[in-house]
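Take a look at the structure below.
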Amino acid sequence: MIILKSPDEIALMRQAGQIVAKLLDFLKDRVQSGVKTKTLDQQAEEFIRQQGAQPAFLGYRGFPATICISINEEIVHGIPGERRIQAGDLVSLDVGAIWHGYYADAAITIPVEPVSPAARYLTEITQKSMEEGIAKAIVGNRLTDISHRVQQVIEAAGFGVVRDFVGHGIGKDLHEAPAIPNFGPAGMGPRLKEGMVLAIEPMVTMGSYEVEILSDGWTAVTKDRSLSAHFEHTVAITPNGVTILTQH
Ligand code: MG
């Protein structure tokens, strides 16, 4: 069942979203060669708590950190630790916060220069596919209109769309119905309605879309070890169109 949110609930989710947006801005400047991923995670936790919010991922199904940091062939759910970021890395940050019981969830991929033109293009296309998918999140469309558009943008560029992980509804829980695949035919699934809040998050690979989970039980990597990128926004469907809650 898809839980519709009232305007008051969406206002709270926007506040959660603004904390997430500010956190990503804060972290973006700190993703630099030589920085330990564990340090970024500690800074993220402090930042969230200073805002009066709680980390959304810490302890979620046992996840051991505040944010996910996934580098290069890592797609999602990378665990921050002793690894240091290096020039040429593609660093995906996935962050979430809880504000007055409501969740917001967003992700960006940051190229640590100098990266290859192909890696930069992968990042740009992943962001573009998210943006074009979000543009389909309007009243009257069907859910998979989003999925289909995301896939079109990614595959037109020659990249792979991850199947094993998908976007999701979000609200008082981090993951609610509906699941939002980043692939498939348009015109299927539920009709989009006012009050739906969705996390739209394409995960894109430079090669095959097949996924493997590392022995830490969390980190998802491309099976062929090709580079991967990930962007995500939490968005609300309103009578006046889609509004991105995790953006200033
Ligand atoms: Mg998400």
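All residue numbers for the sequence shown refer to my numbering, where the first residue is 26 and numbers rise by one. Yeah, the Cβ is synthetic: ideal placement off N, Cα and C, and Gly gets one too.
1) Do you know offhand how far L7's Cα is from P206's?
2) Is any heavy atom in ligand 1 found nearer than 6 Å to the beta carbon of E157?
3) Looking at the unbroken beta strand (DSSP E) that takes in I275, where does it start and where does it end?
4) Give the DSSP-derived three-state secondary structure of M155 in the structure shown.
5) By Cβ distance below 7 Å, which residues in the same chain neighbour Y127 in space, the five residues on each side in sequence not counted?
6) DSSP three-state label for S117, please.
7) Considering only heavy atoms of ligand 1, does any lie closer than 6 Å to the CB of E201?
8) If M231 and F190 are in contact, beta carbons under 8 Å, what's the gap, nearest whole angstrom?
9) Rounded to whole angstroms, how far is the Cβ of M228 from the Cβ of H258, which I believe are closer than 8 Å?
10) Per DSSP, what kind of secondary structure is R108 in: helix, strand or coil?
11) For the region 154 to 195, list the beta strand (DSSP E) runs that are entirely contained and at least 3 residues long, ordered along the chain.
12) Do L291 and F72 have their C-beta atoms within less than 7 Å of each other?
13) Going by beta carbon distance, what residues of the same chain come within less than 7 Å of G266, once the five residues before and after it are set aside?
14) For A81, is the beta carbon positioned less than 6 Å from some heavy atom of ligand 1?
15) For ligand 1, is there any heavy atom lying closer than 6 Å to the beta carbon of E70?
16) Which of the three DSSP states, helix, strand or coil, is assigned to Y234?
17) How many whole angstroms separate the CB atoms of V175 and A122, which I take to be in contact at a CB cut-off of 8 Å?
18) Any idea what DSSP makes of R250, helix, strand or coil?
19) Out of S141, W124, P139 and R145, state which residue places its alpha-carbon closest to the alpha-carbon of I133.
20) Does the pairing of the region 99 to 107 with the region 57 to 64 give three or more beta-carbon distances under 8 Å?
21) Just tell me which of A78, I135 and V120 has its CA closest to the CA of F88.
22) Here's a check: name, in chain order, each residue in its chain whose Cβ is nearer than 6 Å to the Cβ of E3, leaving out the five neighbours to either side.
Taking the structure as given:
1) Given a span of 26 to 273 for the chain in the structure shown, any question on residue 7 remains unanswerable.
2) no
3) Outside the shown range of the chain (26 to 273) lies residue 275, about which nothing can therefore be said.
4) helix
5) E34, L37, M38, A41, G196 and K197
6) strand
7) no
8) The C-beta distance from M231 to F190 rounds to 17 Å, too long to meet the 8 Å contact threshold.
9) Not quite, the Cβ-Cβ distance comes to about 14 Å (not below 8 Å), so this is no contact.
10) coil
11) 192 to 194
12) Nothing can be reported for residue 291, as the shown portion of the chain is limited to 26 through 273.
13) I163, listed in sequence order.
14) Taking non-hydrogen atoms of ligand 1 into account, the C-beta of A81 is found less than 6 Å away from none of them.
15) no
16) coil
17) So it is not a contact: roughly 24 Å between Cβ atoms.
18) It is coil, neither helix nor strand.
19) R145
20) yes
21) V120
22) This structure cannot speak to residue 3, because the chain is shown only from 26 to 273.
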